[in-house]
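> Numbering follows the numbering used here, with no gaps: position 238 of the sequence shown is 238.
By construction, the Cβ of each residue, glycine as well, lies at the ideal position given by its N, Cα and C atoms.
Bear in mind the structure is a predicted one, so any value in this text is a computation, not a measurement.
Please find one structure pasted underneath; my questions will follow.
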Amino acid sequence: MKKIAVVALGGNALLRENETGTIEQQETNTTETLENLIFLIKEGFELVVTHGNGPQVGNILMRNDAGNQLYNIAPMPLDICVADSQGGIGYMIERMLRNVLKKHGIHKNVITLVTMATVDPNDPAFKNPTKGIGKIYSEPEAKKLQEEKGWIFKPSSKANGGWRRMVSSPQPIDIINQEIIESLVRQGNIVITAGGGGIPVYYDENNDLRTLDAVIDKDLASALLASKIKANEFYILTDVSFIYRDFGLPTQEKLEFLNYTDTVKYLEAGTFSEGTMAPKIKACLYFIKNGGEKSVITEAKKLEDKSYGSKITMEY
């Protein structure tokens, strides 16, 4: 059996803070990140690459809004916008990765898959939408859209007096085409998939696929995929080199080697911030609990360092 690593690229892998998001910036950032994956290939891993899409799908939604207002172009629903972002980002990653592989003399096929993930339409998350998407509106604009479209709005922490559309973040149940993904990667291909956590869909009473307005957590969907395809290792590449206990406090402590039990205790004690690190920890724990050998949270540029990142395993 070939070793498989699923690598989840965080937002900063594509777009850095304070950047405007030009394609040139995103291509440069993506290439720098992908250079670090060569280490895993040389270590004998076959790769599945997943990615976030927050800023990009937000821009697509704003283009939706502008096109509708200025030119009466029919706006597309959220699932189509997520699919658009998967295709665009996947294409960019694929092109940059092909160039990086060529530079290192590595001959591999790379393929991008637009990916759906099934969810439960009765997931409790639908009763409490928590994910902000799209632009920030004034309160009168938000109320009008809520009446016209049934969207849910909440005050935005990013702007005083601004309101933002909120959608739910249900748990992913399955990754559609996971068998094909596993087959492709075991044949030696690099697969780019599950962008933005996948497009959320569900099966109705007739077993037809339907969609709904939601956003799936990218890291949790990546961990689910990793377990389904029987990956050996799961990597979350983010903007910190290590996990820290009590990050930013006087009691801050680097946690480099963790086992499953201790990590659960830290999580339940509120050691990790719910808005940033806790969801990544939960994804890593899911992977380990479901048969994974090792989860790693680190910066991309630290991968070649033998002491890279924080590692979670079932046992020390």
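Helix or strand or just coil, what does DSSP make of T193?
Within the sequence shown, numbered from 1, the residue matching residue 193 stands at position 193. Coil, per DSSP.
> Going by beta carbon distance, what residues of the same chain come within less than 6 Å of H107, once the five residues before and after it are set aside?
One-based indexing of the sequence shown puts residue 107 at position 107. Nothing meets the Cβ criterion.
> Count Cβ pairs between the region 249-267 and the region 28-41 that sit closer than 8 Å; are there 3 or more?
The region 249-267 is not in contact with the region 28-41.
> Is Q187 buried or exposed, if buried means 16 or more other CB atoms sit within 10 Å of its CB?
In the sequence shown, the residue the question calls residue 187 occupies position 187. So Q187 ends up on the exposed side.
> When DSSP labels each residue in this structure, what does D174 get in the three-state scheme?
For the purposes of this step, residue 174 is identified with residue 174 of the sequence shown, where counting begins at 1. Note: D174 maps to strand in three-state DSSP.
> Could you check the C-alpha separation between E27 and E94 for me, to the nearest Å?
In the sequence shown, counting from the first residue as 1, residue 27 sits at position 27. In the sequence shown, counting from the first residue as 1, residue 94 sits at position 94. The straight-line gap from Cα to Cα measures roughly 11 Å.
> By alpha-carbon positions, which one of N207, F153 and T118 ends up nearest to K135?
On the sequence shown, residue 135 is found 135 positions in, with the first residue counted as 1. The shortest C-alpha separation from K135 is found at F153.
> Measure the C-alpha to C-alpha separation of T313 and K294 and round it to an integer number of angstroms.
In the sequence shown, residue 313 corresponds to position 313, counting from 1. In the sequence shown, residue 294 corresponds to position 294, counting from 1. Whole-angstrom Cα-Cα distance: 5 Å.
> Can you name, in chain order, every residue of its own chain whose Cβ lies under 7 Å from the Cβ of I297, other than the five neighbours on each side?
Numbered from 1 along the sequence shown, position 297 holds the residue referred to as residue 297. These residues qualify, in order along the chain: I236, T238, I243, K280, C284, G309 and S310.
> Keeping to the same chain, check which residues put their C-beta closer than 8 Å to that of S319; ignore five residues upstream and five downstream.
Because the chain here runs from 1 to 316, residue 319 falls outside it and cannot be looked at.
> My output table needs one value for E46: the three-state DSSP class, helix, strand or coil.
Here the question's residue 46 lines up with position 46 in the sequence shown. If DSSP states are grouped into helix, strand and coil, E46 belongs with the strands.
> Tell me the DSSP bridge mates of E233?
By one-based count along the sequence shown, residue 233 stands at place 233. DSSP lists A5 and K294 as partners of E233.
> At the level of alpha carbons, what is the spacing between G90 and E24?
Start at 1 with the first residue of the sequence shown, and residue 90 comes out as number 90. Start at 1 with the first residue of the sequence shown, and residue 24 comes out as number 24. Whole-angstrom Cα-Cα distance: 15 Å.
> By the three-class DSSP mapping on this structure, what secondary structure does A278 have?
For this step, residue 278 is matched to residue 278 along the sequence shown. Residue state, collapsed to three classes: helix.
> Leaving aside the five residues before and after D79 along the sequence, list all residues of the same chain whose C-beta is less than 6 Å from its C-beta, in chain order.
One-based indexing of the sequence shown puts residue 79 at position 79. Result list for D79: I199 and T211, in chain order.
> Taking the alpha-carbon positions, what's the L40 to E233 distance?
Here residue 40 refers to the residue found at position 40 when the sequence shown is read from its first residue. Here residue 233 refers to the residue found at position 233 when the sequence shown is read from its first residue. Near 10 Å, if we compare the C-alpha coordinates of E233 and L40.
> Quick check: P55 and N64, are their CB atoms within less than 7 Å of each other?
Counting from 1 along the sequence shown, the entry for residue 55 is found at position 55. Counting from 1 along the sequence shown, the entry for residue 64 is found at position 64. Against a cut-off of 7 Å, the Cβ pair of N64 and P55 comes out as no contact.
> Roughly how many whole angstroms lie between the Cα atoms of V6 and P140?
The sequence position of residue 6 within the sequence shown is 6, counting from 1. The sequence position of residue 140 within the sequence shown is 140, counting from 1. Taking the straight line joining both Cα atoms gives about 44 Å.
> Would you tell me roughly how many angstroms separate the C-alpha atoms of M96 and E147, rounded to the nearest one?
Position 96 of the sequence shown holds residue 96. Position 147 of the sequence shown holds residue 147. So the alpha carbons of these two residues sit roughly 44 Å apart.
> Give the DSSP bridge partners of P200, in chain order.
Walking along the sequence shown from the start, residue 200 turns up at place 200. Paired residue(s): A117.
> Below 7 Å CB to CB, which residues in the same chain sit around L70 once its five sequence neighbours on both sides are set aside?
Within the sequence shown, the letter at position 70 stands for residue 70. For L70, where only same-chain residues beyond five positions count, there are no Cβ hits under 7 Å.
> How would you label Y202, buried or exposed, when you count the other beta carbons within 10 angstroms and need 16 or more for buried?
Along the sequence shown, one-based indexing puts residue 202 at 202. Buried is the call here.
> Please classify H51 as buried or exposed, where buried requires at least 16 other C-beta atoms within 10 Å of its C-beta.
The residue given as residue 51 occupies position 51 in the sequence shown. That one is buried.
> With distances taken Cα to Cα, identify the nearest neighbour of L47 among I73, E182 and G105.
Counting from one through the sequence shown, the residue named residue 47 turns up at place 47. For L47, the nearest C-alpha among the options comes from E182.
> Below 6 Å CB to CB, which residues in the same chain sit around F272 once its five sequence neighbours on both sides are set aside?
In the sequence shown, the residue the question calls residue 272 occupies position 272. Contacts found: A278 and I281.
> Based on Cα-Cα distance, which residue from T263, A231 and N259 lies nearest to R245?
For the purposes of this step, residue 245 is taken as the residue at position 245 of the sequence shown. With distances taken between Cα atoms, R245 lies closest to T263.
> Please report the residue range of the alpha helix (DSSP H) in which I89 lies.
Taking the sequence shown and counting its residues from 1, the one referred to as residue 89 is at position 89. Its alpha helix (DSSP H) spans residues L78 to K103.
> Could you round the C-beta distance between V49 and I190 to whole angstroms and report it? I think they count as a contact, below 8 Å.
Position 49 of the sequence shown, counting from 1, holds the residue named residue 49. Position 190 of the sequence shown, counting from 1, holds the residue named residue 190. Confirmed, about 7 Å.
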